[in-house]
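Accompanying notes for the structure given below.
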Amino acid sequence: MNKTTPALALAALLSLAPHAFAQGMDHGKTGSGHGGMMATQNLPPAEAEVRRIDKDSGKITLRHGAIKNMDMPPMTMVFSVRDKAMLDGIAVGDKVEFTAVQDKGQMVVESIKPLKP
Ligand SMILES: [Cu+2]
13 MNKTTPALAL AALLSLAPHA FAQGMDHGKT GSGHGGMMAT QNLPPAEAEV RRIDKDSGKI
73 TLRHGAIKNM DMPPMTMVFS VRDKAMLDGI AVGDKVEFTA VQDKGQMVVE SIKPLKP
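Residue numbers are given in this note's numbering: position 74 of the sequence shown equals residue 86, and the series is strictly consecutive.
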């Protein structure tokens with residue numbers, strides 16, 4: 013009779029474990045769109061014109077075209093940059109090609125380069 017008890021305990025443990033994992037995974041999501049964690053090297057590049065550069069705070073204002081990986085239509089907005097050094101060699105008025113992700117609720121530029129006419 014009492015040999016069923018360990019089996020039941022094990023079954024309970026196994027059925028709980030997947031739930032714990034699933035909840036942990038969901039925690040990273042904030043709102044819609046993709047998380048910022050994966051596949052940054054496969055981001056589709058978007059085009060933009062530089063409107064403003066703030067090197068001290070690592071921010072750049074871009075009038076950008078559609079950003080496919082973020083489901084974002086063309087608009088003018090402020091991005092953070094992953095690394096302030098990325099802003100060297102970029103000037104206001106430049107046409108640029110860039111990639112960006114949403115990371116912890118912020119839009120972050122992962123790469124940016126001037127488009128030469
Ligand atoms: Cu935007």
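Ideal Cβ placement from N, Cα and C applies to all residues, glycine included.
Point to revise | Closest Cα partner of K128 within the set K107, S69, D100 | key: It is K107 whose Cα lies nearest to the Cα of K128.
Review point. Three-state secondary structure (DSSP) at L74?
Key: strand
**Study point:** Residue span of the beta strand (DSSP E) that contains K107, given as start and end
**Key:** 107 to 115
Review point. For A97, does the three-state DSSP call read helix, strand or coil?
Key: helix
Review point. Should M89 be listed as close to ligand 1, given that the test is whether its C-beta is under 7 Å from any heavy atom?
Key: yes
**Study point:** Where the beta strand (DSSP E) through P57 begins and ends
**Key:** That residue, P57, is in no beta strand (DSSP E); it is neither H nor E in DSSP.
Point to revise | Residue range of the beta strand (DSSP E) that includes K67 | key: Element bounds for K67: n/a, residue is neither H nor E.
Check your understanding: Do G77 and A58 have their C-beta atoms within less than 8 Å of each other?
Key -> For the 8 Å CB-CB criterion, G77 and A58 form a contact.
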